[in-house]
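Its first residue numbered 261, the sequence shown is counted upward by one per residue in the working numbering.
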Amino acid sequence: MSEPLAIIAGAGALPWEAAQAIAPRRPVIVFAIDKEADAGPADIETHRLGYGQIGRLVKTMEARGCRDLLFLGAIRSRPDYTRILGDIETLKLVPKIVRAAVGGDDSIVRNVLALFEAEGFRIVSVADAVPELLAPVGQLGRHAPDAAHESDIALGAGFLDATAPFDVGQAVVVAETRIVAVEGAEGTDRMLERCAALRAEKRFRARRGAGVLVKRAKRGQDMRADVPVVGAATLRRVLDAGFGGIAVEAGRTIIAERAEMIRMADKARAFVIAR
261 MSEPLAIIAG AGALPWEAAQ AIAPRRPVIV FAIDKEADAG PADIETHRLG YGQIGRLVKT
321 MEARGCRDLL FLGAIRSRPD YTRILGDIET LKLVPKIVRA AVGGDDSIVR NVLALFEAEG
381 FRIVSVADAV PELLAPVGQL GRHAPDAAHE SDIALGAGFL DATAPFDVGQ AVVVAETRIV
441 AVEGAEGTDR MLERCAALRA EKRFRARRGA GVLVKRAKRG QDMRADVPVV GAATLRRVLD
501 AGFGGIAVEA GRTIIAERAE MIRMADKARA FVIAR
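Following this line, the structure appears as C-alpha coordinates:
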(Lines of atoms letter the chains of each structure in order from A and count residues from 1; the text may use other names and numbers.)
(Lines give C-alpha, C1' and ligand atoms only; values in the text may rest on other atoms or scores of the structure.)
Protein backbone atom coordinates (compact mmCIF):
# COMPACT_ATOMS: atom_id res chain seq x y z
CA MET A 1 0.00 0.00 0.00
CA SER A 2 1.30 3.47 -0.87
CA GLU A 3 1.93 5.94 1.92
CA PRO A 4 -0.98 8.18 2.92
CA LEU A 5 -1.55 11.72 1.69
CA ALA A 6 -2.51 14.24 4.38
CA ILE A 7 -4.92 17.09 3.67
CA ILE A 8 -4.99 20.11 5.95
CA ALA A 9 -8.61 21.18 5.54
CA GLY A 10 -10.11 24.62 5.89
CA ALA A 11 -13.74 25.55 5.31
CA GLY A 12 -15.97 24.38 2.49
CA ALA A 13 -16.73 21.15 0.65
CA LEU A 14 -13.53 21.18 -1.40
CA PRO A 15 -11.20 19.30 1.01
CA TRP A 16 -13.74 16.49 1.30
CA GLU A 17 -14.37 16.41 -2.44
CA ALA A 18 -10.60 16.03 -2.94
CA ALA A 19 -10.29 13.38 -0.23
CA GLN A 20 -12.98 11.22 -1.81
CA ALA A 21 -11.38 11.58 -5.25
CA ILE A 22 -7.94 10.61 -3.91
CA ALA A 23 -9.07 7.73 -1.65
CA PRO A 24 -9.42 5.10 -4.42
CA ARG A 25 -5.80 5.76 -5.48
CA ARG A 26 -4.04 6.04 -2.12
CA PRO A 27 -4.87 6.32 1.59
CA VAL A 28 -5.85 9.82 2.69
CA ILE A 29 -5.99 11.45 6.12
CA VAL A 30 -7.74 14.77 6.71
CA PHE A 31 -6.57 17.13 9.44
CA ALA A 32 -9.58 19.42 9.85
CA ILE A 33 -8.79 22.86 11.30
CA ASP A 34 -11.01 23.38 14.33
CA LYS A 35 -13.58 26.21 13.94
CA GLU A 36 -12.78 26.37 10.23
CA ALA A 37 -13.31 22.99 8.52
CA ASP A 38 -16.80 21.68 7.90
CA ALA A 39 -17.83 18.18 8.90
CA GLY A 40 -16.78 15.48 6.45
CA PRO A 41 -17.95 12.02 5.41
CA ALA A 42 -17.58 9.20 7.92
CA ASP A 43 -15.52 7.03 5.56
CA ILE A 44 -12.58 9.49 5.52
CA GLU A 45 -10.08 9.26 8.41
CA THR A 46 -10.28 12.65 10.09
CA HIS A 47 -8.44 14.35 12.94
CA ARG A 48 -9.77 17.72 14.12
CA LEU A 49 -6.95 19.98 15.32
CA GLY A 50 -6.59 23.53 16.59
CA TYR A 51 -3.82 25.89 15.54
CA GLY A 52 -1.99 25.04 18.76
CA GLN A 53 -1.76 21.33 17.92
CA ILE A 54 0.86 21.30 15.18
CA GLY A 55 2.87 18.89 17.31
CA ARG A 56 0.02 16.39 17.30
CA LEU A 57 -0.28 16.82 13.53
CA VAL A 58 3.43 16.11 13.02
CA LYS A 59 3.42 13.08 15.35
CA THR A 60 0.32 11.58 13.71
CA MET A 61 1.79 11.98 10.23
CA GLU A 62 5.12 10.48 11.30
CA ALA A 63 3.37 7.54 12.99
CA ARG A 64 1.43 6.83 9.78
CA GLY A 65 4.51 7.17 7.52
CA CYS A 66 2.93 10.17 5.82
CA ARG A 67 5.24 12.74 4.20
CA ASP A 68 2.98 14.33 1.53
CA LEU A 69 0.80 17.26 2.54
CA LEU A 70 -1.94 19.09 0.62
CA PHE A 71 -3.55 22.35 1.78
CA LEU A 72 -7.18 22.89 0.74
CA GLY A 73 -10.16 24.93 1.90
CA ALA A 74 -10.88 28.48 2.95
CA ILE A 75 -9.65 30.18 6.10
CA ARG A 76 -12.46 32.46 7.23
CA SER A 77 -10.35 34.54 9.60
CA ARG A 78 -6.61 35.10 9.74
CA PRO A 79 -5.37 33.34 12.91
CA ASP A 80 -3.31 35.25 15.45
CA TYR A 81 -0.23 33.02 15.37
CA THR A 82 1.53 35.21 17.95
CA ARG A 83 -0.91 34.02 20.65
CA ILE A 84 -0.70 30.27 20.05
CA LEU A 85 -0.32 28.31 23.28
CA GLY A 86 -0.52 24.66 22.31
CA ASP A 87 1.24 21.36 22.75
CA ILE A 88 4.97 21.14 23.49
CA GLU A 89 6.02 20.58 19.88
CA THR A 90 3.98 23.58 18.79
CA LEU A 91 5.62 25.76 21.44
CA LYS A 92 9.03 24.77 20.05
CA LEU A 93 7.88 26.05 16.65
CA VAL A 94 6.43 29.37 17.88
CA PRO A 95 9.39 31.52 16.68
CA LYS A 96 9.06 30.00 13.18
CA ILE A 97 5.27 30.41 13.27
CA VAL A 98 5.55 34.09 14.19
CA ARG A 99 8.03 34.68 11.34
CA ALA A 100 5.73 32.82 8.93
CA ALA A 101 2.81 35.12 9.81
CA VAL A 102 4.58 38.28 8.64
CA GLY A 103 3.75 39.84 5.26
CA GLY A 104 1.00 39.81 2.67
CA ASP A 105 -0.99 36.77 1.64
CA ASP A 106 1.60 35.47 -0.82
CA SER A 107 4.54 35.78 1.56
CA ILE A 108 2.57 34.16 4.41
CA VAL A 109 1.73 31.20 2.16
CA ARG A 110 5.38 30.79 1.16
CA ASN A 111 6.52 31.04 4.78
CA VAL A 112 3.99 28.48 6.05
CA LEU A 113 4.98 26.03 3.30
CA ALA A 114 8.64 26.52 4.17
CA LEU A 115 7.87 25.83 7.84
CA PHE A 116 6.40 22.40 7.02
CA GLU A 117 9.16 21.63 4.53
CA ALA A 118 11.73 22.35 7.23
CA GLU A 119 10.03 19.64 9.31
CA GLY A 120 10.65 17.15 6.48
CA PHE A 121 7.26 17.16 4.73
CA ARG A 122 6.67 17.48 0.99
CA ILE A 123 4.00 19.97 -0.02
CA VAL A 124 2.09 18.68 -3.03
CA SER A 125 -0.13 20.64 -5.40
CA VAL A 126 -3.66 19.93 -6.57
CA ALA A 127 -2.17 19.23 -10.00
CA ASP A 128 -0.05 16.47 -8.43
CA ALA A 129 -2.64 14.97 -6.11
CA VAL A 130 -6.07 15.49 -7.68
CA PRO A 131 -5.76 17.11 -11.14
CA GLU A 132 -9.36 16.31 -12.04
CA LEU A 133 -10.45 19.22 -9.82
CA LEU A 134 -8.71 21.76 -12.07
CA ALA A 135 -10.65 23.62 -14.75
CA PRO A 136 -10.20 22.17 -18.24
CA VAL A 137 -9.87 24.50 -21.22
CA GLY A 138 -13.22 25.49 -22.66
CA GLN A 139 -16.85 26.04 -21.78
CA LEU A 140 -18.54 24.30 -18.86
CA GLY A 141 -22.23 23.99 -19.60
CA ARG A 142 -24.40 25.05 -22.52
CA HIS A 143 -23.93 28.82 -22.56
CA ALA A 144 -21.02 30.92 -23.84
CA PRO A 145 -20.02 34.56 -23.22
CA ASP A 146 -21.14 37.07 -25.84
CA ALA A 147 -18.92 39.71 -27.44
CA ALA A 148 -19.49 42.22 -24.62
CA HIS A 149 -18.61 39.57 -22.02
CA GLU A 150 -15.45 38.75 -23.99
CA SER A 151 -14.35 42.39 -23.78
CA ASP A 152 -14.95 42.39 -20.04
CA ILE A 153 -13.01 39.12 -19.64
CA ALA A 154 -10.03 40.57 -21.52
CA LEU A 155 -10.08 43.72 -19.39
CA GLY A 156 -10.32 41.73 -16.16
CA ALA A 157 -7.48 39.37 -17.10
CA GLY A 158 -5.27 42.29 -18.08
CA PHE A 159 -6.03 44.07 -14.81
CA LEU A 160 -5.15 41.01 -12.72
CA ASP A 161 -1.88 40.54 -14.60
CA ALA A 162 -0.97 44.20 -14.05
CA THR A 163 -1.75 44.13 -10.30
CA ALA A 164 -0.18 40.72 -9.56
CA PRO A 165 3.09 42.23 -8.20
CA PHE A 166 1.11 44.11 -5.54
CA ASP A 167 -0.40 40.94 -3.92
CA VAL A 168 -3.92 42.40 -4.05
CA GLY A 169 -6.23 39.51 -4.89
CA GLN A 170 -7.15 36.85 -7.41
CA ALA A 171 -10.44 38.21 -8.70
CA VAL A 172 -12.07 41.24 -10.30
CA VAL A 173 -15.59 42.04 -11.48
CA VAL A 174 -15.97 43.89 -14.79
CA ALA A 175 -19.28 45.05 -16.27
CA GLU A 176 -19.65 46.86 -19.59
CA THR A 177 -15.91 47.70 -19.66
CA ARG A 178 -15.99 49.16 -16.15
CA ILE A 179 -14.15 47.61 -13.20
CA VAL A 180 -16.85 47.33 -10.56
CA ALA A 181 -14.91 45.61 -7.75
CA VAL A 182 -11.47 44.24 -6.97
CA GLU A 183 -10.93 41.40 -4.50
CA GLY A 184 -9.08 42.43 -1.37
CA ALA A 185 -8.61 40.82 2.01
CA GLU A 186 -12.35 40.06 2.25
CA GLY A 187 -12.16 37.32 -0.41
CA THR A 188 -14.24 36.60 -3.50
CA ASP A 189 -17.54 35.83 -1.77
CA ARG A 190 -17.58 39.08 0.21
CA MET A 191 -16.53 41.02 -2.89
CA LEU A 192 -19.53 39.62 -4.78
CA GLU A 193 -21.85 40.41 -1.87
CA ARG A 194 -20.49 43.96 -2.01
CA CYS A 195 -21.33 44.06 -5.73
CA ALA A 196 -24.92 43.03 -5.01
CA ALA A 197 -25.16 45.86 -2.47
CA LEU A 198 -23.67 48.35 -4.95
CA ARG A 199 -26.25 47.33 -7.55
CA ALA A 200 -29.07 47.74 -5.02
CA GLU A 201 -27.72 51.23 -4.24
CA LYS A 202 -27.56 51.98 -8.01
CA ARG A 203 -23.84 52.70 -7.76
CA PHE A 204 -23.49 51.09 -11.19
CA ARG A 205 -26.17 50.61 -13.83
CA ALA A 206 -25.03 47.70 -16.00
CA ARG A 207 -27.93 45.65 -17.31
CA ARG A 208 -28.63 42.40 -15.51
CA GLY A 209 -26.76 39.60 -17.26
CA ALA A 210 -23.91 41.88 -18.29
CA GLY A 211 -20.55 41.64 -16.56
CA VAL A 212 -18.29 38.84 -15.42
CA LEU A 213 -16.27 37.60 -12.49
CA VAL A 214 -12.70 37.01 -13.68
CA LYS A 215 -10.57 34.90 -11.35
CA ARG A 216 -7.07 33.60 -11.94
CA ALA A 217 -3.83 32.78 -10.17
CA LYS A 218 -1.38 35.60 -9.69
CA ARG A 219 1.66 35.54 -11.92
CA GLY A 220 4.38 33.58 -10.12
CA GLN A 221 1.96 32.25 -7.50
CA ASP A 222 3.01 29.10 -5.66
CA MET A 223 0.39 26.61 -6.86
CA ARG A 224 0.86 24.30 -3.87
CA ALA A 225 -1.44 26.47 -1.74
CA ASP A 226 -3.97 29.26 -2.15
CA VAL A 227 -5.03 28.01 -5.59
CA PRO A 228 -7.98 30.03 -6.97
CA VAL A 229 -11.29 28.24 -6.42
CA VAL A 230 -14.77 28.79 -7.84
CA GLY A 231 -17.79 26.64 -7.25
CA ALA A 232 -21.56 26.54 -7.07
CA ALA A 233 -21.60 29.03 -4.18
CA THR A 234 -19.46 31.44 -6.20
CA LEU A 235 -21.81 31.26 -9.18
CA ARG A 236 -24.82 31.77 -6.92
CA ARG A 237 -23.32 35.05 -5.69
CA VAL A 238 -22.45 36.09 -9.27
CA LEU A 239 -26.09 35.56 -10.24
CA ASP A 240 -27.38 37.33 -7.11
CA ALA A 241 -25.28 40.36 -8.10
CA GLY A 242 -26.78 40.29 -11.60
CA PHE A 243 -23.71 39.31 -13.65
CA GLY A 244 -23.54 36.99 -16.62
CA GLY A 245 -20.92 34.44 -15.67
CA ILE A 246 -17.45 33.45 -14.57
CA ALA A 247 -14.15 33.26 -16.45
CA VAL A 248 -11.17 31.45 -14.92
CA GLU A 249 -7.72 30.29 -15.91
CA ALA A 250 -7.62 26.71 -17.17
CA GLY A 251 -5.29 24.32 -15.35
CA ARG A 252 -4.68 26.81 -12.52
CA THR A 253 -8.18 27.16 -11.02
CA ILE A 254 -10.13 24.59 -9.01
CA ILE A 255 -13.76 23.97 -9.96
CA ALA A 256 -15.55 22.76 -6.83
CA GLU A 257 -18.97 21.08 -6.92
CA ARG A 258 -18.65 21.01 -10.72
CA ALA A 259 -21.87 19.15 -11.57
CA GLU A 260 -24.01 21.46 -9.42
CA MET A 261 -22.24 24.53 -10.82
CA ILE A 262 -22.95 23.48 -14.42
CA ARG A 263 -26.58 22.65 -13.59
CA MET A 264 -27.03 26.08 -12.02
CA ALA A 265 -25.33 27.87 -14.95
CA ASP A 266 -27.47 26.07 -17.51
CA LYS A 267 -30.68 26.89 -15.65
CA ALA A 268 -29.74 30.57 -15.31
CA ARG A 269 -28.39 30.85 -18.89
CA ALA A 270 -25.07 31.90 -17.35
CA PHE A 271 -21.60 30.92 -18.55
CA VAL A 272 -18.57 29.36 -16.88
CA ILE A 273 -15.50 29.33 -19.08
CA ALA A 274 -11.82 28.49 -18.62
CA ARG A 275 -9.15 30.01 -20.81
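Quick reminder that beta carbons are idealized off the backbone N, C-alpha and C, glycines included.
Cβ-based burial, residue i [other Cβ within 10 Å; buried from 16]
i    : result
A323 : exposed
A507 : buried
R518 : buried
R523 : exposed
K462 : exposed
E443 : buried
A299 : exposed
R445 : The sequence given here has Ala at residue 445, not Arg. The residue is exposed, with fewer than 16 neighbouring Cβ atoms inside 10 Å.
A395 : buried
G491 : buried
P405 : buried
A501 : buried
A525 : buried
K319 : exposed
D486 : buried
G333 : buried
A460 : exposed
V532 : buried
A534 : buried
Whole-angstrom C-beta distance between residue j and residue i, which should lie under 8 Å
i    : j    : result
Q430 : P488 : 5 Å
I439 : F426 : Going by Cβ atoms, the distance from I439 to F426 rounds to 15 Å, so no, they are not a contact pair.
F335 : E377 : The sequence shown places Ile at residue 335, rather than the Phe named in the question. Not confirmed; about 20 Å, so no contact.
E436 : A417 : Not a contact, Cβ separation roughly 16 Å.
L473 : V498 : 5 Å
R450 : R476 : Not confirmed; about 19 Å, so no contact.
V447 : G469 : Here the sequence assigns Gly to residue 447, which means Val is not the residue at that position. Not confirmed; about 24 Å, so no contact.
G315 : I293 : So it is not a contact: roughly 15 Å between Cβ atoms.
Enclosing alpha helix (DSSP H) for residue i [first to last residue]
i    : result
V442 : V442 -> not in any alpha helix (DSSP H); beta strand (DSSP E) instead, spanning R438 to V442.
F381 : That residue, F381, is in no alpha helix (DSSP H); it is neither H nor E in DSSP.
I335 : Run containing I335: none; DSSP gives neither H nor E here.
V498 : A492 to D500
Residue interval of the beta strand (DSSP E) (run including residue i)
i    : result
R308 : E305 to L309
L400 : G398 to L400
G505 : G505 to V508
K475 : V472 to K475
D328 : D328 to L332
I268 : L265 to A269
V532 : F531 to A534
V290 : V288 to I293
V434 : A431 to A435
Chain C contact for residue i (CB, 8 Å cutoff)
i    : result
A470 : Absent here is chain C; the protein component of the structure consists of one chain.
Beta-carbon contacts of residue i that lie in its chain and below 8 Å, excluding the five residues immediately before and after
i    : result
R536 : Missing from the structure shown is residue 536; the chain here goes from 261 to 535 and no further.
E392 : A281
A389 : L265, A278, I282, D328 and L330
A273 : D298, G491, A516 and E517
W276 : A269, V290, D298, G300, P301 and I304
V428 : V442, E443 and G444
Residues of its chain near residue i, where Cβ-Cβ distance is below 6 Å and the 5 sequence neighbours each way are ignored
i    : result
A424 : K478 and R479
E305 : I289
V433 : V440, A441, C455 and L473
I268 : F291 and F331
Close Cβ partners of residue i (< 7 Å) along its chain, the five nearest in sequence each way excluded
i    : result
L317 : F291 and L309
R529 : H403
E520 : A492
- Query: With contact counted as at least three CB pairs below 8 Å, one residue from each stretch, are the region 379-390 and the region 402-418 in contact?
  - Reply: Between the region 379-390 and the region 402-418, the count of Cβ pairs shorter than 8 Å is below three; the stretches do not touch.
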